[in-house]
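**Q**
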Amino acid sequence: MAAGITLRKRMEAIAGALKKRRALSKEPTYTRKDYESFMVPTEGLITVAMVSNYDDFSTSPCGFAANYSYQIFESEKIFGYKKLSLMLMFAVADFQIFPRVTADEIVPKKMGKPDDLVAIVQRFLELPVCQSELEFRQVLANQSAFKPFGQKIAAYEKRGGSDVREFEVYNVTEMSEAFAAYIRRLQFAAALFIEGLSFTDATDKKWEYYILHEKCVGPGGTYYATLGFCSVYNFYMYPDYVKPRIAQFIIMPQYQLCGHGTRFLQEILMDLASRKSVWHVTVESPNAAFCRIYDVVEATNCSYLASFAPEHLKNGFSVEMKDEAFSVFKMSKERARRAYEALRLVQIRRDNGRDVDDFDMELKRRVYANIRACTADRVDDDEICSTDDEPDCSLSGEVDCMRDERTMFKERYMALLESYLGVVVRLEDSERFLPMPKVLQHQE
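For the sequence shown, our numbering gives the first residue as -17, with consecutive numbering after it.
1. If I'm right that Ile428 touches Cys112 with Cβ under 8 Å, what's the distance once you round it to whole angstroms?
2. Using C-beta distances below 8 Å, list every residue in its chain close to Leu254, excluding the 5 sequence neighbours before and after it, in chain order.
3. Can Tyr164 and Phe149 be called in contact, C-beta distance under 8 Å?
4. Have a look at the DSSP bridge pairing and note the partners of Leu194.
5. By how many angstroms is the C-alpha of Tyr395 removed from the C-alpha of Tyr402?
6. Please state the DSSP three-state secondary structure of Ala75.
7. Would you kindly report the start and end of the unbroken beta strand (DSSP E) that includes Ala136?
8. Any idea what DSSP makes of Ser401, helix, strand or coil?
9. Determine the closest residue to Ser34 out of Arg274, Lys188, Leu327, Tyr205, with distance taken between C-alpha atoms.
10. Using three-state DSSP, classify Gln230 as helix, strand or coil.
11. Roughly how far, in whole angstroms, is the beta-carbon of Phe20 from the beta-carbon of Lys91, given that I think they are within contact range, below 8 Å?
12. Report the CB separation of Ala207 from Ala75 in whole angstroms; it is logged as a contact under 8 Å.
13. Name the DSSP bridge partner or partners of Val427?
14. Tell me whether Gly200 sits in a helix, a strand or coil according to DSSP, three-state version.
15. What does Leu116 pair with, by DSSP beta-bridge criteria?
16. Quick check on Val260: does DSSP put it in helix, strand or coil?
17. Mind checking who Ala68 pairs with in its DSSP beta bridge?
18. Any idea what DSSP makes of Lys95, helix, strand or coil?
19. Per DSSP, what are the beta-bridge partners of Phe61 in this structure?
20. Measure the Cβ-Cβ separation of Gly243 and Ile250 and say whether it is below 8 Å.
21. Work out the CA separation of Asp98 and Ser285 for me, nearest whole Å.
22. May I ask you to report which of helix, strand or coil DSSP gives Ile88?
23. Could you check what DSSP says for Asp183 in three-state terms: helix, strand or coil?
24. Using CA atoms only, rank isn't needed, just tell me which of Val349, Asp186, Leu70 is closest to Ala397.
25. Determine, using beta carbons only, whether Ala184 and Ala160 come nearer to each other than 8 Å.
26. Using 7 Å as the cut-off, classify the Cβ of Met396 as near or not near the heavy atoms of the ligand HEM, replying yes or no.
27. Who does Asn216 pair with in a DSSP beta bridge?
28. Which residues in the same chain have their Cβ closer than 7 Å to the Cβ of Arg319, if we skip the five residues on either side of it in sequence?
29. Under 8 Å between the Cβ atoms of Tyr276 and Met303?
30. Could you give the distance in angstroms between the alpha-carbon of Val199 and the alpha-carbon of Val146?
31. Return the chain-ordered list of same chain residues with a C-beta closer than 7 Å to the C-beta of Ala47, the five sequence neighbours on each side being excluded.
32. Short of 8 Å in beta carbon distance, which residues of its chain neighbour Ile330, apart from the five on each side in sequence? Order them along the chain.
33. If contacts are defined as beta-carbon pairs under 8 Å, then Ala324 and Ala271 qualify, I think. What distance do you get, rounded to the angstrom?
34. Compute the Euclidean distance between the alpha carbons of Phe39 and Leu168, then round it to the nearest angstrom.
35. Kindly identify the DSSP beta-bridge partner or partners of Ala171.
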């Protein structure tokens, strides 16, 4: 009897344990809302930082929000995280990348696998990236081993009290596997701030690059921080010339608003102008920010030319201005005229508005002539005024054409004045805040 009771208790204990195990192993049910709580929009997700010392950065982290990141991700949302942060950390010299991922919560394994952000970045870049903080720390410790690619073509200093900072510009025309990876990392960083920027073909010998570095001294020795870059494509021009086209230009965000953009661009333009094979320099689809820098640099350069002296500006744009700007700086007629107009506006403001009416009329004539030329190229006279079949409509079409022309004239005239505003403000105190171009220094 006692044995029967003991057996029954054991059976009951086993049954209880099995019941408890089945309860524990029962799969939880998740709702759509549960899954959606782990979906994170990709817009505004990425921040970018250039890092020289990981400990200093961790103490006071700061980064710049990426303007464009849609090209990296295949969809508009990332799965598997709550309060997700993706910081792309670039080593300050060689731009090795560490995608640092942080989140308040990661999706439970039973709900699925979270998206691998490091793998996504690496797949887009098509280059290896640092997989851990430890690996990135080792990269940072070795930044002094990085040496700039190419040939140094210029150097300048910036002083702040007793502090002197040294900057150097390098030109790269010979490609290598190491440089191809380096420039790809730079272009990846730039693509986060410039819409539509793409990777260049490192095997195409018509590409050349300019890199801006700061020569720094750290605990591990001297290293060269990368501040920005410019890519140039050399188009052939019959019979023995090339027409360099600036395709990409950027100063990394943390180095902007310090005057590096204008100085860097001046050195690039002067290096290209010094080559006998160059006909003139062009720019591919410049944005408003680059146009402003471009205008400032070329107006400053032209202010050193005899034909652009203040006493000549009031006489209007001349053949001498066009020819001298072309022979010295390889500038096109249109670019030389813009430099003249910016300098003329500065001179007018210094003279308290004297001759402003004459210049205003000159500017309006140019805008109107450009519009008429574009209209003539775009539309045949027969298409504007065809009276054979519909005489009443011809008058209407002519009136519409005139109205469109007036509207276009007003818009272009105001846009031209607005584009000069930032340039004039920059030049007003002194149009020679940039040094005399080297091509002129050699002539003295």
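Note that beta-carbon positions come from the ideal geometry of N, C-alpha and C, so glycine has one too.
**A** For this structure:
1. As shown, the chain starts at -17 and ends at 426. That puts residue 428 outside it, with no answer to give.
2. These residues qualify, in order along the chain: Val214, Pro226, Val260, Val263, Lys312.
3. No, Cβ-Cβ distance for Tyr164 and Phe149 is not below 8 Å.
4. According to DSSP, which records beta bridges pairwise, Leu194 is partnered with Val151, Gly210.
5. Separation of Tyr402 and Tyr395 (C-alpha to C-alpha, rounded to the nearest whole angstrom) is 11 Å.
6. The three-state reading of DSSP puts Ala75 in coil, since its state is none of H, G, I, E or B.
7. Counting along the chain, the beta strand (DSSP E) containing Ala136 begins and ends at 133 to 142.
8. Here Ser401 sits in helix by DSSP.
9. It is Tyr205.
10. DSSP places Gln230 in the strand class (E or B) of the three-state scheme.
11. Not quite, the Cβ-Cβ distance comes to about 12 Å (not below 8 Å), so this is no contact.
12. The beta-carbon separation of Ala207 and Ala75, rounded to 6 Å, stays under the 8 Å limit for a contact.
13. Since the first and last residues shown for the chain are -17 and 426, residue 427 lies out of range.
14. Looking at Gly200 - three-state DSSP - the assignment turns out to be strand.
15. Looking at the DSSP assignment, Leu116 forms no beta bridge with any residue, so it has no partner.
16. Strand, per DSSP.
17. As written in the sequence, residue 68 is Leu, which differs from the Ala given in the question. In DSSP, Leu68 forms a bridge with Ile28, Val83.
18. The answer is coil: DSSP assigns Lys95 none of H, G, I, E or B.
19. Beta-bridge annotation (DSSP): Phe61 is paired with Met21.
20. One thing to note: Gly243 has its Cβ no nearer than 8 Å to the Cβ of Ile250.
21. Those two C-alpha atoms are separated by around 55 Å.
22. DSSP, reduced to helix, strand and coil, places Ile88 within a strand of the structure shown.
23. DSSP places Asp183 in coil when its eight states are reduced to three.
24. Ranking Val349, Asp186, Leu70 by CA distance to the CA of Ala397 puts Val349 first.
25. Ala184 places its beta carbon 8 Å or farther from that of Ala160.
26. Ligands displayed in this structure: none; no statement on the ligand HEM is therefore possible.
27. Asn216 is bridged by DSSP to Pro226.
28. Around Arg319: Phe299.
29. Taking 8 Å as the Cβ cut-off, Tyr276 and Met303 do not qualify as a contacting pair.
30. So the alpha carbons of these two residues sit roughly 12 Å apart.
31. Same-chain partners within the cutoff: Gly26, Thr29.
32. Cβ contact annotation for Ile330 (same chain, cutoff 8 Å, sequence separation greater than five): Arg336, Asp337, Val338, Phe341, in chain order.
33. Going by Cβ atoms, the distance from Ala324 to Ala271 rounds to 16 Å, so no, they are not a contact pair.
34. Rounded to whole angstroms, Phe39 to Leu168 spans 20 Å at the Cα level.
35. Partner(s): none; Ala171 has no beta bridge.
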